[in-house]
Structure formats: structure tokens, C-alpha cells
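First up is the structure itself, then whatever we jot down about it.
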Amino acid sequence: MIGNDIVDLVLAQKESHWQRKGFLDKIFTQDEQLLILNSTKPELMVWNLWSRKEAAYKIYNRNTQIRGYIPLQFECFDLELNDAVNYGKVVIQDFVYYTKTVVSDEHINTIAVENKDYLERIKFLKNRKNIRKINGIPAYFEVNEWSSTPVSISHHGRFEQIITI
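If you read the sequence shown in UniProt numbering, its first letter stands for residue 1, the second for the next number, and so on.
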């Protein structure tokens, strides 16, 4: 399974008040809050971690059919933070998801997978053509084939990202 999330940084800066009292406590664990507060760019770290949690949630939801607002149950670990591409893990209960986060001046995009090797097999789709929902979950159908592959669609502000394996 795959999941992805994208954050339009311009829109997030306009609409979010992440520094308001209690915001970080509702979304991030104590260790994640330390990462944010010790970061040279705390706002970017907020959206980096949020994006990871959201991408992992999409897989978790598909696997368990559990829906809910549970960001504190998802915890980011083993972050390898470079300038443009970051790798890490998101853990919830016994589930581990591997993440790749791309940071640009305009957006942050995270891809999450169950198997680390899948990160090398991600395909980016340009549009929603050949995508159909099965039980509410998007899947990509190749032309003239009956088989499908999982798809993850994310959009925020000016950006949309559609991926498959």
C-alpha cells in the first residue's frame, strides 16, 4: 500500500496558526515537539511531520478501515533530514510505514509505503484518468486490463499529487 500528502506552504502559512496555545500538543508527541522547537525552521518541521503522519494515515486507514482524527497515535522516527529529501518512519501500534519527504520552497510532499523498497517503484500520474474508486478507495486501472494498483491522491492549495506503484 501507498499513501501521500502534499502541503502548499504559502496556503499553510496564511491559514494555520500552528504557534497558538495547544496546537502542537494535539498533533505531535513530546519528541516530535522537541524536533519542531529545536529546528532552525520550526514551521517547515511542523508541516514535514504533519505530511508524514497524513501519508501514513492513508495506508493505515486502507489496511484497518479505521477512520478518525488520531495524529498523536502516529509517531515519526529515524528522520534523516537533508535539505530537499528526507527519509524516516511513522509508527502506529504494530504498523511501520517508511516515508520519503521532498521539501521545496513552495510545498512539502511525503510518500509513505509499507515496504521500504516500494519507494523506488513510485509512479507519478499526471491526471485522474483511469482512476476508479473501489469501496471508496482509489485504484488505477491500466487501459484494456482488469487489474488495478493502489493509488494515493493528495491536494492542498495549488498542488495535487497522484501516485501509484
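Glycine is no exception: its CB is placed at the ideal position from the N, C-alpha and C atoms.
Is DSSP giving residue i helix, strand or coil here?
i: Lys123; result: strand
i: Gln19; result: coil
i: Ser154; result: strand
i: Arg132; result: strand
What distance in whole Å lies between the Cβ atoms of residue j and residue i, which are believed to be in contact at a cut-off of 8 Å?
i: Lys58; j: Pro71; result: About 13 Å separates the two Cβ atoms, so there is no contact after all.
i: Glu106; j: Leu9; result: 6 Å
i: Ile153; j: Tyr118; result: Not quite, the Cβ-Cβ distance comes to about 17 Å (not below 8 Å), so this is no contact.
Report all residues from its chain with a CB closer than 8 Å to the CB of residue i; omit the five preceding and five following residues, and keep chain order.
i: Ser51; result: Asp5, Ile6, Val7, Thr101, Ile108, Asn109 and Thr110
i: His155; result: Ile6 and Gln161
i: Tyr97; result: Gly3, Ala55, Ala56, Ile59, Tyr60, Lys89, Val90, Val91, Ala112, Val113 and Glu114
For residue i, which of the options has the nearest alpha-carbon?
i: Asn86; options: Val103, Lys129 and Asn130; result: Val103
i: Lys123; options: Ile92, Glu106 and Glu142; result: Glu142
i: Gln93; options: Arg121, Asn63 and Leu79; result: Asn63
i: Tyr140; options: Ile131, Leu44 and Trp146; result: Ile131
i: Pro138; options: Lys129, Leu49, Asn127 and Pro150; result: Pro150
i: Ser39; options: Asn82, Arg20, Lys21 and Leu125; result: Asn82
i: Ile134; options: Asn127, Ser147, Arg158 and Pro42; result: Ser147
Report all residues from its chain with a CB closer than 7 Å to the CB of residue i; omit the five preceding and five following residues, and keep chain order.
i: Arg67; result: Asn61
i: Ala12; result: Trp47
Could you name the residues of the same chain whose beta carbon sits closer than 6 Å to that of residue i, not counting the 5 residues immediately before and after it, in chain order?
i: His17; result: none
i: Pro42; result: Ile36
Contact the stretch 2–11 vs the stretch 104–120: 3+ CB pairs below 8 Å: yes
Given 8 Å, three or more beta-carbon pairs between the stretch 17–36 and the stretch 72–84: yes
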